[in-house]
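S.K.:
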Amino acid sequence: MQPYRIPSLNWLRVFDAAARHQSFASAGRELNMSAAAVSQQILALETYLMKPLFVRSANRVRLTMEGNEFLPTVQVSLRTIEAKTASLFPRKDVERISLVASQLMAMSWLPRRLGAFERRHPSVRIDLIIEDMQRHTEPDLAIRFDHGMSTLSHPGWLMGITHVVVGNLPDVENIVNANEIADYRLLDVRSHAVGWNTLLTRYPGMIDKPGLIVESVDTTPLALIMVKESHALALVPWPASQNLVHALGLGVCKAIPAIAGLGNYYIEQFTGHGARPIIDRFCEDLRNMEQNPA
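Residue numbers (the working numbering): 199 to 492.
Put into structure tokens, the structure is as follows:
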């Protein structure tokens with residue numbers, strides 16, 4: 199028994215466009231074809247499958263039941279082919295920049311900035327790699343955090359940080375003084391040099407207050423998710439965590455002043471790939487977006 203042959207890829211591409219637009223003319227404009235050519239390709243596919251895929255009318259077309267059932271498989275298959283082709287055989291007119299960053303930066307501060315840069319530079323794609331993930335080649339750039347680095351000691355300085363108290367909006371809006379912090383679980387991130395003990399020493403008697411609960415967690419994103427789902431507060435770096443805080447619907451407690459952080463974020467460039475003007479432009483854009491946030 200011979201295997202069932204797959205229809206022409208071009209037929210499937212035309213079918214996908216016609217189904218999305220529900221118009222042969224609009225599909226033709228997308229594919230740089232005439233409406234008549236689209237109709238011919240669809241007819242060839244229908245003849246091959248021996249089933250009608252569209253119901254035609256004067257001004258539009260709509261999918262038949264068989265067409266509706268066939269479309270998701272066609273779309274998933276085409277997108278899979280496109281994605282794998284782009285990753286294995288990147289087009290020469292697309293310039294890629296590989297960037298390593300911490301989990302927090304990758305989840306919070308970076309996505310909006312990377313999206314804005316790619317919109318301004320449509321031929322550039324940023325490949326974001328989580329720090330400590332296994333990789334086979336040296337990246338172009340990395341965003342690092344150094345507890346001891348000052349603004350003057352590294353040419354790639356990106357931003358300093360402060361630490362702010364974050365909680366669910368009703369909670370932080372109801373806190374009017376530091377004594378009320380003791381009513382919540384306080385979440386510390388193990389890797390942070392500044393924690394709740396640093397903050398609580400500002401307020402005499404707070405650190406020894408009965409019932410005070412301070413718990414350690416591994417990462418800032420985990421702390422924020424735990425805050426979202428419980429009666430807790432977290433002390434987190436700002437502005438590095440800003441976008442994630444907002445995305446989770448959390449807020450900053452304005453009644454508790456921020457604490458200056460120890461250290462700074464900086465951009466490290468690797469020279470193994472040679473000098474590339476687009477990388478310098480990208481680094482400059484990141485610094486400008488930090489100094490002039492949207």
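Glycine included, C-beta positions come from ideal geometry on N, C-alpha and C.
Which residue comes first and which comes last in the alpha helix (DSSP H) that contains Q238?
M.R.: Segment A233 to L247, the alpha helix (DSSP H) holding Q238.
S.K.: Pull up the distance between the alpha-carbon of P435 and that of D330, whole angstroms please.
M.R.: Cα to Cα, P435 sits roughly 20 Å from D330.
S.K.: Spatial neighbours of L276 within its chain, please: C-beta separation below 7 Å, excluding the five flanking residues on both sides.
M.R.: Excluding sequence neighbours, L276 sits near L210, R211 and D214.
S.K.: How long is the line joining the alpha carbons of E264 and S255, rounded to whole angstroms?
M.R.: Going by the C-alpha atoms only, they are around 18 Å apart.
S.K.: What would DSSP say about S439, mapped onto helix, strand or coil?
M.R.: Of the three classes helix, strand and coil, the one that applies to S439 here is coil, per DSSP.
S.K.: Identify every run of the alpha helix (DSSP H) within the segment 241 to 297, keeping only runs that are complete inside it and at least 4 residues long; order them along the chain.
M.R.: Entirely contained in the segment 241 to 297, the alpha helix (DSSP H) runs reaching 4 residues are, in chain order, 263 to 286.
S.K.: Cutting at 7 Å between CB atoms, please list the residues of its own chain near L312, excluding the five before and the five after it.
M.R.: Excluding residues within five positions, the ones whose Cβ falls inside 7 Å are I324 and L326.
S.K.: Helix or strand or just coil, what does DSSP make of F468?
M.R.: F468 falls in the coil class under three-state DSSP.
S.K.: Closest to L397 by CA distance: which of A430, V363, H429 and N486 is it?
M.R.: Nearest option by C-alpha distance: V363.
S.K.: Identify which residue in Y463, S306, I454 and A432 has its Cα closest to the Cα of N441.
M.R.: Among Y463, S306, I454 and A432, the Cα nearest to that of N441 is on S306.
S.K.: Just to confirm the assignment, what range does the beta strand (DSSP E) spanning W209 have?
M.R.: Premise fails: W209 lies in the alpha helix (DSSP H), L207 to H219, not in any beta strand (DSSP E).
S.K.: Please classify A314: is it buried, with 16 or more other beta-carbons within 10 angstroms of its beta-carbon, or exposed?
M.R.: Exposed, because fewer than 16 other Cβ atoms sit within 10 Å of the Cβ of A314.
S.K.: DSSP state of R310, grouped into three classes?
M.R.: Helix.
S.K.: Are the segment 375 to 393 and the segment 410 to 420 in contact at 8 Å, needing three or more beta carbon pairs?
M.R.: The segment 375 to 393 is in contact with the segment 410 to 420.
S.K.: Look up E413 in the DSSP assignment and give the residues it is bridged to.
M.R.: BP columns for E413 point to L385.
S.K.: Anyone know if the C-beta pair for L261 and L251 falls short of 9 Å?
M.R.: Yes, the Cβ-Cβ distance between L261 and L251 is below 9 Å.
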